[in-house]
Amino acid sequence: MTAAPVSATARPRHLLDFQDWSPERLTAILDNADTMLQVLDRPVKKVPALQGLTVCNAFFENSTRTRTSFELAARRMSADVLTFAAGSSSVSKGESLRDTVEVLTAYKVDAYIVRHHAAGAAHLVARYSGKPVINAGDGRRAHPTQALLDAYTVRQEFGSLEGKRVAIIGDVRHSRVARSNAELLPMLGAEVVLCGPATLLPSDLAALPGVTLTSDPKEAVRGAHAVMALRLQKERMGGGFLGSLQEYADTYQVNETLMAEAESGAIVLHPGPMNRDLEISGEAADGPRSRILQQVENGQAIRMSVLYHLLVGRD
Amino acid sequence: MTAAPVSATARPRHLLDFQDWSPERLTAILDNADTMLQVLDRPVKKVPALQGLTVCNAFFENSTRTRTSFELAARRMSADVLTFAAGSSSVSKGESLRDTVEVLTAYKVDAYIVRHHAAGAAHLVARYSGKPVINAGDGRRAHPTQALLDAYTVRQEFGSLEGKRVAIIGDVRHSRVARSNAELLPMLGAEVVLCGPATLLPSDLAALPGVTLTSDPKEAVRGAHAVMALRLQKERMGGGFLGSLQEYADTYQVNETLMAEAESGAIVLHPGPMNRDLEISGEAADGPRSRILQQVENGQAIRMSVLYHLLVGRD
Amino acid sequence: MTAAPVSATARPRHLLDFQDWSPERLTAILDNADTMLQVLDRPVKKVPALQGLTVCNAFFENSTRTRTSFELAARRMSADVLTFAAGSSSVSKGESLRDTVEVLTAYKVDAYIVRHHAAGAAHLVARYSGKPVINAGDGRRAHPTQALLDAYTVRQEFGSLEGKRVAIIGDVRHSRVARSNAELLPMLGAEVVLCGPATLLPSDLAALPGVTLTSDPKEAVRGAHAVMALRLQKERMGGGFLGSLQEYADTYQVNETLMAEAESGAIVLHPGPMNRDLEISGEAADGPRSRILQQVENGQAIRMSVLYHLLVGRD
Numbered sequence: 001m002t003a004a005p006v007s008a009t010a011r012p013r014h015l016l017d018f019q020d021w022s023p024e025r026l027t028a029i030l031d032n033a034d035t036m037l038q039v040l041d042r043p044v045k046k047v048p049a050l051q052g053l054t055v056c057n058a059f060f061e062n063s064t065r066t067r068t069s070f071e072l073a074a075r076r077m078s079a080d081v082l083t084f085a086a087g088s089s090s091v092s093k094g095e096s097l098r099d100t101v102e103v104l105t106a107y108k109v110d111a112y113i114v115r116h117h118a119a120g121a122a123h124l125v126a127r128y129s130g131k132p133v134i135n136a137g138d139g140r141r142a143h144p145t146q147a148l149l150d151a152y153t154v155r156q157e158f159g160s161l162e163g164k165r166v167a168i169i170g171d172v173r174h175s176r177v178a179r180s181n182a183e184l185l186p187m188l189g190a191e192v193v194l195c196g197p198a199t200l201l202p203s204d205l206a207a208l209p210g211v212t213l214t215s216d217p218k219e220a221v222r223g224a225h226a227v228m229a230l231r232l233q234k235e236r237m238g239g240g241f242l243g244s245l246q247e248y249a250d251t252y253q254v255n256e257t258l259m260a261e262a263e264s265g266a267i268v269l270h271p272g273p274m275n276r277d278l279e280i281s282g283e284a285a286d287g288p289r290s291r292i293l294q295q296v297e298n299g300q301a302i303r304m305s306v307l308y309h310l311l312v313g314r315d
Numbered sequence: 001m002t003a004a005p006v007s008a009t010a011r012p013r014h015l016l017d018f019q020d021w022s023p024e025r026l027t028a029i030l031d032n033a034d035t036m037l038q039v040l041d042r043p044v045k046k047v048p049a050l051q052g053l054t055v056c057n058a059f060f061e062n063s064t065r066t067r068t069s070f071e072l073a074a075r076r077m078s079a080d081v082l083t084f085a086a087g088s089s090s091v092s093k094g095e096s097l098r099d100t101v102e103v104l105t106a107y108k109v110d111a112y113i114v115r116h117h118a119a120g121a122a123h124l125v126a127r128y129s130g131k132p133v134i135n136a137g138d139g140r141r142a143h144p145t146q147a148l149l150d151a152y153t154v155r156q157e158f159g160s161l162e163g164k165r166v167a168i169i170g171d172v173r174h175s176r177v178a179r180s181n182a183e184l185l186p187m188l189g190a191e192v193v194l195c196g197p198a199t200l201l202p203s204d205l206a207a208l209p210g211v212t213l214t215s216d217p218k219e220a221v222r223g224a225h226a227v228m229a230l231r232l233q234k235e236r237m238g239g240g241f242l243g244s245l246q247e248y249a250d251t252y253q254v255n256e257t258l259m260a261e262a263e264s265g266a267i268v269l270h271p272g273p274m275n276r277d278l279e280i281s282g283e284a285a286d287g288p289r290s291r292i293l294q295q296v297e298n299g300q301a302i303r304m305s306v307l308y309h310l311l312v313g314r315d
Numbered sequence: 001m002t003a004a005p006v007s008a009t010a011r012p013r014h015l016l017d018f019q020d021w022s023p024e025r026l027t028a029i030l031d032n033a034d035t036m037l038q039v040l041d042r043p044v045k046k047v048p049a050l051q052g053l054t055v056c057n058a059f060f061e062n063s064t065r066t067r068t069s070f071e072l073a074a075r076r077m078s079a080d081v082l083t084f085a086a087g088s089s090s091v092s093k094g095e096s097l098r099d100t101v102e103v104l105t106a107y108k109v110d111a112y113i114v115r116h117h118a119a120g121a122a123h124l125v126a127r128y129s130g131k132p133v134i135n136a137g138d139g140r141r142a143h144p145t146q147a148l149l150d151a152y153t154v155r156q157e158f159g160s161l162e163g164k165r166v167a168i169i170g171d172v173r174h175s176r177v178a179r180s181n182a183e184l185l186p187m188l189g190a191e192v193v194l195c196g197p198a199t200l201l202p203s204d205l206a207a208l209p210g211v212t213l214t215s216d217p218k219e220a221v222r223g224a225h226a227v228m229a230l231r232l233q234k235e236r237m238g239g240g241f242l243g244s245l246q247e248y249a250d251t252y253q254v255n256e257t258l259m260a261e262a263e264s265g266a267i268v269l270h271p272g273p274m275n276r277d278l279e280i281s282g283e284a285a286d287g288p289r290s291r292i293l294q295q296v297e298n299g300q301a302i303r304m305s306v307l308y309h310l311l312v313g314r315d
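Chains A, B and C, in that order, are what the protein sequence lines are. Counted from 1, the first sequence has number 103 at position 103 by UniProt numbering; the numbering is strictly sequential. Counted from 1, the second sequence has number 122 at position 122 by UniProt numbering; the numbering is strictly sequential. Counted from 1, the third sequence has number 38 at position 38 by UniProt numbering; the numbering is strictly sequential.
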């Protein structure tokens, strides 16, 4: 493989956030996911695209779902997967992140998938390793494959993201999912409304093109084609951000009553895992509008597509 | 693959317990295990039967032995194995079992092996996933592959289960191993005697055909071809079920003295892990009657056979 | 495969320590690692040498680095890897080591890699399993693949170990790395100086040929071609072995000042993970003399070489 000259439209080497990405590249990822979804519908759900390559799943923060999704995606493409879980690692012996990253790079694997509680961790791995890195969530900053699978799920429903309105409701402040969606969806032609209690709504996000903020859930949902409930992390309650959980649910829960304000064909999304009857009602989670399990399936296709794009894709 | 019409003798899709199974089907599993045991004696212990398929090891309860046995069994047949361990999962974030199961099913794997502390968990996965499910232990209810490997070990010794007497001694009340054996062995022609302190001997099991209950270990062992000691879970001691451990060992320990009451060629079994010198003496565990390590080896062959039967077997 | 008659120069079946090994055999391992390092430089870093074989990574003590290194080594050679981690195992249910080992052997895997806090654990597995066993660290006794990779790194730098002087500085008493290096390096022609506070310097090691002891770091480093800083385990502080950490660092830290006493081309080694600015300065760890990341890469090549030698190598 020879490196192409770097240009404004060059293929990005990493998926850390969407800064280096063009709408065309992102659309190519979504298009390719269609193919991957077909692979997942075959009796034998495996292609040899990454045969002989080793992908390191470096999870410094617990996340069975995302880790599993990436592991399956890589294995579906015949890659070997090395799991590096922080709980049992040198990290707990007090080694610095940089030293751990340097050791990881000395393993000579072919790509890294990085989850870390600190913003910028995946960037650090990208800088030291010289290998493709996918950010699987860093602090509150970004979770780009989640945003891609959300975008893909909306596109799957409506054929296009152009002119679609997506309402994201909940603890926006602490959510890398909200932040990555707020960056991605407008690049693909959609409008994003971020909604939550004022204490959980960081005003800097209003500066993003195509993004508006509101604390009124009805206003947020009006005209929306998709409504995403964010997981409420109960451990946030101590920080003075919120009153009682009941109070939160009364106002911000995504349920049938709230969905009645949305477009008639609007769908319900949730990045999981759900606190049922807190940020989302059981009815909404299980009803005909819900695409929550479809998101899980799409996640695998999107991650296959991203791995393919970064490791073997050609223009 | 097209689904065969359901009939009384149809191939069961799952191994949850033995309700849907006929003696003929169960014997086919045991027969097939003979072939698998030969594979395990080869220099290269691997066959391509499940090439391209992914088996999910969903363990919501810790069990290195059973998990490892299934993982090896699946890999020996060239399947990919996805390990989903509850300790590091969304389960610990408070997600409901049903939601976790639904997410697991969205991963589109080809079969599930489920261990859970709640009775009925594997049934739930079977209902939602539409894929073959093997129960690897649910609460106190069932552990069918353990019973199959026990039956296989007895058959291996005596050529047949017909007319054989198997004594199972210990904490029958909390034992899914005892319960599954009590269901399975009589279906294959053997007689089962369940034995333990009266507080640990649930009377409903006496209703099963071919099963008798007694609190007298000598009576239980008399005429037995196989004597199985159950693991005594020390954490049960608090519930008022038992006096002291010493008292328990004095009466119910499987040792040379007790084995002297059994048939002359009788064998000793234990599902592991053992509390040596509590429910079983070191002598009995290591002596010439012991088939405890053979059980471990047979477990792999039985699990290969079950996976083969459910995933690719034809009539 | 037929077993060769045992002789003084017979190929050892295990790597438990260096007792059964000759300098010729050890040199063959190092030579073969050159080939393995070339494999790691290819785009597809995989050879089919161990295809169809299963290696069990039995780690009764936590060690992400060593476990990962062995796992990668085995997979690079196309072996299946079964991970048996004690944290989630029957060991935590109180089963004896011997019983666990016996169960492991009943899994019928093709080789064992054993890490255990008790000296002699790997020997136990070797005795019961009848399969090749590699000691990946047992108590304070031995960590032979670490010593081999250290030797390899020195040889890589200077072409040969003959007449080279290696200073090892730190908590020698509790270090299996120091002990294994003290056994191995003199067998290959190098001289070893062990250095640390008198309380951490066990006098019995002075009896080894080619090994000297000193509490004076400058004396240790004088004329050294390689200087290895040992990890200081902070949990040792309680035992009265050491004064303050600051005091330790003032005297024994491997840093630029100390390295000025060594040979002009001397290199810096550390088995990792590092306590930066305690046993080693950041400058020394990251400077041009450092071969610490090279050690990690070499570790993979050495472990591939050892696995190859024990599992398929021919004379």
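Backbone N, C-alpha and C define an ideal beta-carbon position, used for all residues, glycine too.
Span of the beta strand (DSSP E) around residue i
i, result
"Tyr112(B)", "111-116"
"Ile280(A)", "It is not in any beta strand (DSSP E) - Ile280(A) carries neither H nor E in the DSSP assignment."
"Met228(B)", "226-229"
"Ala49(B)", "No beta strand (DSSP E) holds Ala49(B); DSSP gives it neither H nor E."
"Arg165(C)", "165-169"
Cutoff 8 angstroms: residue i Cβ touching any chain A Cβ
i, result
"Met36(C)", "no"
"residue 363(B)", "This structure cannot settle anything about residue 363(B), because the visible part of chain B is limited to 1 through 315."
"Pro273(C)", "yes"
"Leu185(C)", "no"
"Leu311(B)", "no"
"Ser88(C)", "Summary for Ser88(C): the model assigns pLDDT 48, below 50, so the residue's position carries little reliability, and this model does not support an answer."
Residue of the options minimising C-alpha distance to residue i
i, options, result
"Leu184(C)", "Ala147(C), Leu201(C), Ala122(C)", "Ala147(C)"
"Gly287(C)", "Gln300(C), Gly272(C), Pro43(C), Ile267(C)", "Ile267(C)"
"Leu16(C)", "His143(C), Thr199(C), Val172(C), Thr153(C)", "His143(C)"
"Glu46(C)", "Asn62(A), Arg165(A), Lys108(A), Ser203(A)", "One point to set straight first is that residue 46(C) is Lys, not Glu, in the sequence displayed. Measuring from the Cα of Lys46(C), the nearest candidate turns out to be Lys108(A)."
"Cys195(A)", "Gly299(A), Phe241(A), Met187(A), Ala178(A)", "Ala178(A)"
"Ser63(C)", "Arg115(C), Leu30(C), Ala206(C)", "Arg115(C)"
"Gln294(C)", "Val211(A), Gly223(A), Leu201(A), Thr105(A)", "Thr105(A)"
"Glu297(B)", "Leu200(B), Leu208(B), Thr145(B)", "Thr145(B)"
"Tyr248(A)", "Ser264(A), Asn275(A), Val227(A)", "Asn275(A)"
"Leu50(C)", "Glu61(C), Pro43(C), Asn57(C), Ala79(C)", "Ala79(C)"
First and last residue of the uninterrupted alpha helix (DSSP H) at residue i
i, result
"Leu30(B)", "23-40"
"Gly299(A)", "292-311"
Any chain C beta carbon closer than 8 angstroms to residue i
i, result
"Ser96(A)", "yes"
"Tyr107(A)", "yes"
"Leu232(B)", "no"
"Tyr248(B)", "no"
"residue 317(A)", "Only positions 1 to 315 of chain A appear in the structure, and residue 317(A) is not among them; the question remains open."
is_contact[residue i, chain B] using C-beta, thresh 8 angstroms
i, result
"residue 318(C)", "This structure cannot settle anything about residue 318(C), because the visible part of chain C is limited to 1 through 315."
"Leu72(A)", "yes"
"Thr64(A)", "yes"
"Phe60(C)", "no"
"Arg176(A)", "no"
Exposure of residue i, with buried meaning 16 or more beta-carbon neighbours within 10 Å
i, result
"Glu102(A)", "buried"
"Gln38(A)", "exposed"
"Ser175(B)", "buried"
"Asp204(A)", "exposed"
Item to check | Within the stretch 54-92 of chain A, ranges of the alpha helix (DSSP H) (whole runs, at least 4 residues) | outcome: 64-76
Checklist entry - In the stretch 193-260 of chain C, which residue ranges form an unbroken alpha helix (DSSP H) of at least 4 residues, counting only runs that do not cross its ends? => result 217-221, 245-252, 256-259
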